[in-house]
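In full-length UniProt numbering, the protein residues as written are 1 to 53.
These notes concern the structure reproduced below.
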Amino acid sequence: MRGKKGVRHPNPDDPPRRRANKRRGHGNFANDRPPVVGVVSRDTGAIVLEVVE
Numbered sequence: 001m002r003g004k005k006g007v008r009h010p011n012p013d014d015p016p017r018r019r020a021n022k023r024r025g026h027g028n029f030a031n032d033r034p035p036v037v038g039v040v041s042r043d044t045g046a047i048v049l050e051v052v053e
């Protein structure tokens, strides 16, 4: 058998490792850290940070 995608884990008390975007910091505005956008000026070096939804 090449891959095991779609095959249920045999023991529900021993779940497989967490994958993809389930870790902290990869959620959305409602349930995790809010996203922050930053811009740096090439001329003056000024930094602008803004929290976005």
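Think of the CB as a built atom: it goes at the ideal place given N, C-alpha and C, for glycine as much as any other residue.
Please read these numbers as outputs of a predicted model, since none were measured by experiment.
Residue j beta carbon less than 8 Å from that of residue i
i, j, result
"residue 52", "residue 38", "no"
Backbone CA spacing between residue i and residue j [nearest angstrom]
i, j, result
"residue 15", "residue 30", "26 Å"
"residue 6", "residue 13", "18 Å"
Enclosing beta strand (DSSP E) for residue i [first to last residue]
i, result
"residue 53", "That residue, residue 53, is in no beta strand (DSSP E); it is neither H nor E in DSSP."
"residue 38", "36-40"
DSSP three-state assignment for residue i, whether helix, strand or coil
i, result
"residue 7", "coil"
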